Each structure stands twice: as structure tokens, then as C-alpha cells.
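Right, one structure below, let's go through it.
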Amino acid sequence: MAKVLVVTSGKGGVGKTTTTAALGAALAQRGQNVVVVDFDVGLRNLDLVMGAERRVVFDLINVVQGVAKLPQALIRDKRLENLWLLPASQTRDKDALTDEGVGRVIDELRSRFDWILCDSPAGIERGATLAMRFADEAVIVTNPEVSSVRDSDRIIGMLDSKTVRAERGERVEKHILITRYDPARAARGEMLNIDDILEILATPLLGIIPESQDVLKASNVGSPVTLNNAESAPARAYIDASRRLMGEEVAMVVPAERKGFMDRLLGRRAA
Amino acid sequence: MSMRLLRLFSGREATAPVARERLQILLAHERGLLGQSDLLVTLREEILAVVSKHIQLDPDKVMVKLERGKSVSTLEVDIEVPNNFDKKVSGETRMAG
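Chains as they are written, first to last, in my numbering: chain Y, 19 to 289; chain R, 288 to 384.
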């Protein structure tokens, strides 16, 4: 049974695209058939983070409008054969997408994949509502920072009212994913801690991704962080989160950076 | 002054509790506002219609406010009426609910 999962946040720059790529790759590594769909029409970036920017020919709007067939627009990942990308259009605007058109494409994707991960644009406008419209589950990416928590609360309200599931009286299963977390700063009271965020948002936790330079390193080379360096702290946190999505019980820990021998010897901070 | 000195020396301040409290207050307000806006508009229109049957009212002088508390919320209806009306109606009514 295919699952449609929207990665959303309201606020921009919190890590939606990084998360979509990392979770998509982690699920694919566990043998699932996965497609990641970019809904950020006009400002697509999932292709770049996935390292497929030079292979885009057709996009979501072409498929919605019938210019291209779905298989023509799907791009297979070079590293994982069961991971696919459906890119957004860079030139068209979001008004070219209709509810019915997107619904048809999502239905077709449901028949081909186990997981359909929708990378939402920032904001609460049409692009974001379309990305969440057909979702069964939602990952709400939140930074431990006041404006991000406020926007997440707003998005939770929309998931409960503007989705097809909500209109049918069903629930969208919601998960909070906290990114850019710094346990040391939270312990010193300089950063909202996990319990504060969960209490305020009253939504269960999917995972805690620590602040790490590995995220930037991975996007620099166009590789999901879970593929680029599976041993890095953020990769381990994303892999744990993907196992929870598949229904496994995984203890909630914040993975720490592992220091190499030379780093320890020289007293260097892990990069 | 001593607190300031202390902060100066420690160089760090626990600001997360402030963030938490500001968020809790703000979101309690915003959730009420977004979820209940239709209800308040309906209430205001219907109260206005009922009272207008008996008293000439300025529609702009009818205020309906909902305040959410932890255990009990208050619905405040504030109606300003002209001094020269016939029937005796108190100018302000408060209902808890």
C-alpha cells in the first residue's frame, strides 16, 4: 500500500529539501520503491541536492498538462536503482498546477511506488497546500527557534483542515522532525529543547537531526546526506527516522559526531 | 546590577525559557483566532439580529470576543446602546462557557 508523505514546514530554509532527499534515500536503501517529488515550482532545488540537475528533461507540470508521460519525466537515481525523482518546473509558475491534475499524477505514482515523498515549497500559499493536499502522512521540519515553531503550528492547522484526508474526516499522520539541533546549547538554556517544542506543538517526534557540517558537504556534491556519508551524525539520525516511518521502534537519541584518531590526537573538533 | 555583572562574567544567558513562554502565549492566541473566526462572525450577526428586534442599534457598536483560558474560556459580548431607548437592557452582558 503506497504512502504519500509531505515534507513541509511553513518557514523556509529549515531543511525540507535536505530532509526529502535524505529520507527518500534512506527508505530506498531499505529496499522500498521511492519517488521524491519537487513541488517548489519556479524554485526547484531537489534535483540539485539529489545530483540530478543535468538530467532533467520533463517535469511535474509537463506531466500534469499531458505534454509528457510520467515515465518520461521520472529520473532514476545513479546510486540507488529504486530511488526516483520527479522534478519541478523551473520556468513555469505554480498556477499551471491544478488540484485534479496533481491528484491524477499522485494516483499514478501510487500504483508504481511504496513511498511518494512530496517536497513542499515554503509558505502557506497554493504551492504548499498542493504539496500537502493528497498526503497520508506529514513530516513537519522544525528548527529549535521561535519563528520556525510558530510556522509549524500554522502548518499543523492546515494539515488538519485543507487536506483530502481532513475533508473526508480522516487524519493525516503527523510527525515533527527537529533539524539543526545543538544539544549543548539546549542544555545551557540557549536553545529551545525537544520537550518544549513537542509540548507546544502537541505532535509526536520522528527524529532529531543535529546541526552538522556534513549536511552542507553532501549538498555541495549533490548527494543525499544518508548516501554521502552514512556514518555521519545527521545521516544516522535520518536513517533512524526512516526506520520509524516504516514502523520500527528505534530509541530516540541525538547522534554525536564521531571523532577520528587524528582528530582526538590533535584535539580537533570533528568536522 | 549584580545580575548584569553575573551575566557579564558568565557570558551566557538562558533565553530558551523566554522563547518558550512567548510561543505559548502567542500560539494560544493564534489558534483561537484561526479556528474560531467563523463562529465569532456568526455569533455577532445573530446576536445583532436578535437585539435589533427590540432596540435600535449601531452594528459597529457590537463586539464579540472569545478568550481562551486553561480550564474555562470566556465569551464576552459588548453592546453599546443609545441612552434614549425604551426597554431596560443592561449595556454589558457576560457569559462564561
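All residues carry an ideal CB built from backbone N, CA and C; glycine is no exception.
Values in this document were obtained by computation on a predicted structure and should not be read as measured data.
With the rule of 3 Cβ pairs closer than 8 angstroms, the segment 222-231 of chain Y does not count as touching the segment 56-65 of chain Y.
About 17 angstroms separates the beta carbon of K340 (chain R) from that of E367 (chain R), a gap too long to meet the 8 angstroms contact definition.
Residue pairing of T26 (chain Y) in beta bridges, as defined by DSSP: Y:I158.
For chain R, the residues of the segment 183-209 of chain Y that bring a beta carbon within less than 8 angstroms of one of its beta carbons are A204, R206, G207, E208 and M209, in chain order. For T302 (chain R), the closest Cβ of chain Y is nearer than 8 angstroms. Just so you know, the alpha carbons of P89 (chain Y) and L101 (chain Y) end up roughly 13 angstroms apart.
Of all residues in the segment 335-369 of chain R, none has a C-beta nearer than 8 angstroms to a C-beta of chain Y. By a beta-carbon distance limit of 8 angstroms, F131 (chain Y) does not contact A46 (chain Y). Their separation comes to about 10 angstroms. Put simply, the backbone Cα of K29 (chain Y) is about 33 angstroms away from that of L362 (chain R).
Along the length of the segment 318-365 of chain R, whole beta strand (DSSP E) runs at least 3 residues long occupy 349-354, reported in chain order. The beta carbon of G69 (chain Y) sits closer than 8 angstroms to those of K96, V239, G240 and S241, all from its chain and outside the five residues before and after it, given in chain order. For V67 (chain Y), the three-state secondary structure derived from DSSP is helix. In this structure, the CA atom of I218 (chain Y) is about 31 angstroms from the CA atom of R62 (chain Y). Under the DSSP assignment, I134 (chain Y) falls in the beta strand (DSSP E) whose first and last residues are W133 to D137. Separation of the CB atoms of A149 (chain Y) and V24 (chain Y) is rounded to 5 angstroms, and the pair is thereby assigned contact status at 8 angstroms. For D171 (chain Y), the nearest CB of chain R lies under 8 angstroms from its own CB, placing it at the interface with that chain. CA-CA distance, E188 (chain Y) to I124 (chain Y), rounds to 18 angstroms. When CB distances to chain R are screened at a threshold of 8 angstroms, the residues of the segment 212-223 of chain Y falling below it are D214 and I218, in chain order. Residue environment for G145 (chain Y): buried (at least 16 other C-beta atoms within 10 angstroms of its C-beta). Per DSSP, reduced to three states, the secondary structure at V55 (chain Y) is strand.
Interface annotation, L326 (chain R): not in contact with chain Y, CB-CB separation never under 8 angstroms. Looking at the DSSP output, I196 (chain Y) sits in a beta bridge with Y:T160 and Y:I226.
Cβ neighbours of S107 (chain Y) within its own chain (closer than 8 angstroms, five residues either side excluded): V59, G60, R62, D77, L78, I79, N80 and A114. For V164 (chain Y), the residues of chain R that pass the 8 angstroms Cβ criterion are A306, R309 and L310, in the order they occur in the chain.
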